[in-house]
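Below: the structure, in structure tokens.
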Amino acid sequence: MNQRRRARVVLAVLVLASLVLVTADFRSEGGPLDGLRGVATSTMEPVQRALAAVARPVVDVFANVGELWSIRADNEQLRDRVEALEQRQLSTDAIQRENERLRALLDLREANDWETVTASTVAFTPSNFEWTITIDVGSDDGVREDMPVVEGAGLVGKVIQVTPSSSRVLLAIDPNFSAATRSASAGDVGVVTGQGSDLMRMVADDRTASLAPGDEIVTNNYEFGVFPHGIPVGIVETEPDASGQLSTSVLVRPFVDFNRLSEVLVILSFPTEAPPPVPDLPERSLDPPRLVPDEAPATEPPVEAPSPAPSEGEGTET
Amino acid sequence: MIGRAFVLALLVVTVAAAQTALLPFVAVAGFRPDLLLLLTIAFAVHDGPESGVRIGFGAGLATDLLLQTSALGVAALTYAVVGYLVGVARPYLATNSLTAPLLLAFGGSTIGALVLGLLSSFLGDAPTDLPLILTVAAFTGVVHTLLIPLVLRLTRGISARFPAEGTAVTR
Numbered sequence: 020m021n022q023r024r025r026a027r028v029v030l031a032v033l034v035l036a037s038l039v040l041v042t043a044d045f046r047s048e049g050g051p052l053d054g055l056r057g058v059a060t061s062t063m064e065p066v067q068r069a070l071a072a073v074a075r076p077v078v079d080v081f082a083n084v085g086e087l088w089s090i091r092a093d094n095e096q097l098r099d100r101v102e103a104l105e106q107r108q109l110s111t112d113a114i115q116r117e118n119e120r121l122r123a124l125l126d127l128r129e130a131n132d133w134e135t136v137t138a139s140t141v142a143f144t145p146s147n148f149e150w151t152i153t154i155d156v157g158s159d160d161g162v163r164e165d166m167p168v169v170e171g172a173g174l175v176g177k178v179i180q181v182t183p184s185s186s187r188v189l190l191a192i193d194p195n196f197s198a199a200t201r202s203a204s205a206g207d208v209g210v211v212t213g214q215g216s217d218l219m220r221m222v223a224d225d226r227t228a229s230l231a232p233g234d235e236i237v238t239n240n241y242e243f244g245v246f247p248h249g250i251p252v253g254i255v256e257t258e259p260d261a262s263g264q265l266s267t268s269v270l271v272r273p274f275v276d277f278n279r280l281s282e283v284l285v286i287l288s289f290p291t292e293a294p295p296p297v298p299d300l301p302e303r304s305l306d307p308p309r310l311v312p313d314e315a316p317a318t319e320p321p322v323e324a325p326s327p328a329p330s331e332g333e334g335t336e337t
Numbered sequence: 024m025i026g027r028a029f030v031l032a033l034l035v036v037t038v039a040a041a042q043t044a045l046l047p048f049v050a051v052a053g054f055r056p057d058l059l060l061l062l063t064i065a066f067a068v069h070d071g072p073e074s075g076v077r078i079g080f081g082a083g084l085a086t087d088l089l090l091q092t093s094a095l096g097v098a099a100l101t102y103a104v105v106g107y108l109v110g111v112a113r114p115y116l117a118t119n120s121l122t123a124p125l126l127l128a129f130g131g132s133t134i135g136a137l138v139l140g141l142l143s144s145f146l147g148d149a150p151t152d153l154p155l156i157l158t159v160a161a162f163t164g165v166v167h168t169l170l171i172p173l174v175l176r177l178t179r180g181i182s183a184r185f186p187a188e189g190t191a192v193t194r
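What follows is the structure, encoded as structure tokens:
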């Protein structure tokens with residue numbers, strides 16, 4: 020059999036195998052193929068963790084070397100001194116950045132009555148068409164599917180796969196992600212969805228919603244919702260597009276830098292509470308009903324974070 | 024053959040780990056090169072269509088297992104077909120020319136990223152915007168064209184030590 024012919028046979032066999040895999044994956048929701056992905060995540064996690072530990076200082080070095088070049092260009096006479104300070108500069112900058120990240124997480128945890136576990140990002144998705152990360156905590160740490168994940172700047176995403184020692188998190192910018200949100204100032208409610216590398220999109224339930232550039236968008240917690248109230252999501256970047264008959268939409272720039280995720284918090288449980296009262300609500304007949312403090316208890320006992328809605332799409336949150 | 028298969032499997036796992044752990048830190052505008060697709064193309068350019076198909080399938084399967092929202096087997100199918108096409112196209116270009124690997128890397132990477140994006144969009148949980156898919160395809164094509172000489176050096180080294188069966192090695 021010549022080489023070209025043999026290649027064709029191998030191609031046919033492997034294309035067939037691929038199609039069998041695709042079909043089996045579609046038909047076995049939560050079946051053995053999902054388990055295979057869990058095994059892959061667990062197996063790769065130690066290698067990824069080691070590589071990530073190596074990568075971060077290297078990235079810091081490159082950043083600081085860039086600064087060093089500009090200093091040299093500006094002042095040749097200080098070359099020797101700059102080189103002598105380089106190593107000290109590298110280490111203090113790295114420590115300062117880590118300190119800032121951890122302080123933001125600590126502030127976030129202290130400001131909210133959440134039960135959380137801290138995690139480090141060990142890997143990102145290999146594809147340009149999916150936005151997920153792998154973190155170094157899993158079911159052994161109390162993590163379960165659908166738990167919210169945050170960092171100091173705001174909402175990161177939610178857990179979609181859990182193994183004993185690691186978990187995968189669907190980032191808020193993934194097209195499969197959606198979350199109930201509201202405008203922090205006017206209280207207009209809606210749903211924010213990811214759009215990959217583009218800005219996120221918030222579709223407001225009310226066509227006359229008064230969203231405007233600069234408005235802060237935060238999560239909104241409905242009964243059985245996945246996310247607690249008030250996690251910062253992003254800031255409105257565009258004027259509302261009211262071309263839809265029943266809704267209006269705006270683009271939202273996320274607060275979180277998804278290319279530089281490091282330490283994150285997984286929210287294990289949070290108290291359900293009424294949303295804070297909205298100041299100076301404009302009178303609108305189509306406004307959705309809102310809870311006011313007198314009508315709902317201010318705080319109830321904590322509930323476990325995940326409230327999976329098995330009948331809906333993976334990223335859909337109600 | 025067993026030695027080559029073992030080395031290639033180890034290579035695919037190592038590259039997959041590097042792709043997920045290291046490359047996010049060097050992303051350009053949020054996009055990253057796809058090292059596993061690049062590896063497939065490099066072996067197809069060097070060793071021919073059969074190696075391209077085999078390594079493409081393995082590299083694609085590794086990608087599929089590290090994804091969560093797209094169907095398992097989509098990347099395996101795409102990379103195997105790209106490996107075959109690049110390997111088949113190779114003899115039609117001057118094998119010793121400097122530009123042939125660049126053209127094959129650009130064409131193979133652009134088509135691979137485009138097909139993977141479209142299939143992931145159709146078979147995944149949520150559709151991906153066509154402009155985003157086209158942007159990723161163009162980015163992947165350009166970046167892989169720049170990176171292919173480096174990766175070809177690696178594949179030459181491996182194929183010299185562990186030659187593929189019945190392969191006319193091009194140097």
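Heads up: the protein sequence lines correspond to chains A and B, in order.
Counting along the first sequence from 1, when you hit position 263 you're at 282 in our numbering, and nothing is skipped either side.
Counting along the second sequence from 1, when you hit position 121 you're at 144 in our numbering, and nothing is skipped either side.
Heads up, the beta-carbon is just placed ideally off N, CA and C, and yes, glycines get one too.
Nearest C-alpha to residue 137(B) among 78(B), 105(B), 90(B): 105(B).
Comparing alpha carbon positions, the residue from 32(B), 168(B), 42(B), 182(B) closest to residue 81(B) is 32(B). Following the DSSP letters along the chain, one finds residue 179(A) inside the beta strand (DSSP E) bounded by residues 173-181. Here the stretch 63-81 of chain B lies against the stretch 22-33 of chain A, with 3 or more beta-carbon pairs under 8 Å apart. Pairing residue 226(A) with residue 199(A), the inter-Cα distance amounts to about 16 Å. Assignment of beta-bridge partners to residue 188(B) by DSSP yields no partner. At a cut-off of 9 Å between beta-carbon atoms, residue 156(B) makes contact with chain A. Here residue 149(A) is not bridged, per DSSP, to any residue.
Contact of residue 107(B) with chain A is assigned, a C-beta pair being separated by under 9 Å. Contact fails between the stretch 146-153 of chain A and the stretch 221-239 of chain A, because fewer than three Cβ pairs, one in each stretch, are under 8 Å apart. When Cβ-Cβ separations below 9 Å define contact, residue 246(A) makes no contact with chain B. At a beta-carbon threshold of 7 Å, the residues of chain B lying near residue 179(A) are 91, ordered along the chain. Fully contained in the stretch 238-264 of chain A are the following beta strand (DSSP E) runs of length 3 or more, in chain order: 251-255. CA-CA distance, residue 63(B) to residue 209(A), rounds to 44 Å. Think of a sphere of 9 Å around the beta carbon of residue 210(A): no beta carbon from chain B falls inside it, the nearest being about 13 Å out. With a contact defined as Cβ atoms closer than 8 Å, residue 267(A) and residue 250(A) miss out at about 22 Å. Taking all protein chains shown into account, residue 107(B) has 16 or more neighbouring C-beta atoms within 10 Å of its C-beta and is therefore buried. Under the DSSP assignment, residue 274(A) falls outside any beta strand (DSSP E); it carries neither an H nor an E label. Residue 139(B) is bridged by DSSP to nothing; it lacks a bridge partner.
Per DSSP, residue 44(B) is one residue of the alpha helix (DSSP H) stretching across 25-44. Only those residues of the stretch 169-182 of chain B whose C-beta falls short of 7 Å from the nearest C-beta of chain A would be listed, and there are none. Of the candidates 131(B), 71(B), 94(B), the residue whose Cα lies closest to the Cα of residue 56(A) is 94(B). Excluding sequence positions up to five before and after residue 265(A), its CB lies within less than 7 Å of the CB of 226, all in the same chain and listed in chain order. By the criterion of a C-beta distance shorter than 6 Å, residue 55(B) is surrounded in its chain by 46, once the five residues flanking it on both sides are discounted. When Cβ-Cβ separations below 9 Å define contact, residue 66(B) makes no contact with chain A.
For residue 61(B), the secondary structure class from DSSP, reduced to helix, strand or coil, is helix. A residue is called buried when at least 16 other Cβ atoms come within 10 angstroms of its Cβ; residue 115(A) does not meet this threshold and is exposed.
In terms of CA proximity to residue 203(A), 253(A) leads the group 253(A), 126(A), 187(A), 189(A). Collapsing the DSSP output to three states places residue 181(B) in a helix. Under the DSSP definition of a beta bridge, residue 209(A) partners with 200(A), 223(A). DSSP places residue 78(B) within a helical segment (H, G or I) once states are collapsed to three. For the stretch 41-68 of chain A, residues whose beta-carbon sits nearer than 7 Å to a beta-carbon of chain B comprise 41, 44, 45, 52, 55, 56, 59, 63, 66, 67.
Residue 159(B) has a beta carbon lying within less than 9 Å of a beta carbon in chain A. In the DSSP secondary-structure assignment, residue 162(B) is not bridged to any residue. A contact is defined here as three or more CB-CB pairs under 8 Å, and the stretch 117-126 of chain B fails this definition with respect to the stretch 168-185 of chain A.
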